[in-house]
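Here this note's numbering is used: the first residue of the sequence shown is 101, the next is one more, and so on. Every residue gets a Cβ at the ideal spot worked out from N, C-alpha and C, and that includes glycine. The structure appears right after this line, and notes come after that.
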Amino acid sequence: MSQRRGAYAPEFRQQMVELVKAGRKPSELAKEFGCHDTSISAWVRQANSDELGGGRPDAPLTTAERQELAQLRRQLRQVTQERDILAKATAWFANKDSGIDKTSMR
101 MSQRRGAYAP EFRQQMVELV KAGRKPSELA KEFGCHDTSI SAWVRQANSD
151 ELGGGRPDAP LTTAERQELA QLRRQLRQVT QERDILAKAT AWFANKDSGI
201 DKTSMR
């Protein structure tokens, strides 16, 4: 039975990355720890991208930047919905108030 995506703890992934950077091969780590060597290689690539990417405008986004971007998009979507609701409420109240006889208010 295969493991589900994201089943490895971040600490385990970091440990594998450090072992590869120390000179161990992903294939031998995969046999030793029971995970796939392509997963380990992907974790190393992601770690390298996270380390090297910050600062270059054409660099791919780091994991932290992707998470921040997703959070900002959610926040923007919520604020946009709130703005639209307030605009509709303002229009509704303006139309409701326009039915009042303003000459009797003098």
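Cβ neighbour criterion (16 or more within 10 Å) applied to residue i
{"i": "P160", "result": "exposed"}
{"i": "W143", "result": "buried"}
{"i": "I213", "result": "Outside the shown range of the chain (101 to 206) lies residue 213, about which nothing can therefore be said."}
{"i": "R97", "result": "Residue 97 falls outside the range modelled here, since the chain spans only 101 to 206, and no answer is possible."}
The alpha helix (DSSP H) enclosing residue i, as first and last residue numbers
{"i": "R173", "result": "163-197"}
{"i": "P160", "result": "P160 -> no alpha helix (DSSP H), and no H or E assigned at all."}
{"i": "R113", "result": "110-121"}
{"i": "K125", "result": "Premise fails: K125 is in no alpha helix (DSSP H) and is neither H nor E."}
Residue i to residue j span [Cα, whole Å]
{"i": "V120", "j": "A130", "result": "11 Å"}
{"i": "H136", "j": "E111", "result": "17 Å"}
{"i": "G134", "j": "L169", "result": "33 Å"}
{"i": "M101", "j": "R174", "result": "Here M101 scores only 48 on pLDDT, less than 50, and its place in the model is too uncertain to base an answer on."}
{"i": "L172", "j": "E165", "result": "10 Å"}
{"i": "E128", "j": "Q167", "result": "32 Å"}
Integer-rounded CB distance, given that residue j should sit under 8 Å from residue i
{"i": "V179", "j": "A147", "result": "With 8 Å as the limit, V179 and A147 do not qualify as a contact, their Cβ atoms being about 34 Å apart."}
{"i": "A163", "j": "D150", "result": "The sequence as given places Thr at residue 163; Ala does not occur at that position. Confirmed, Cβ separation roughly 6 Å."}
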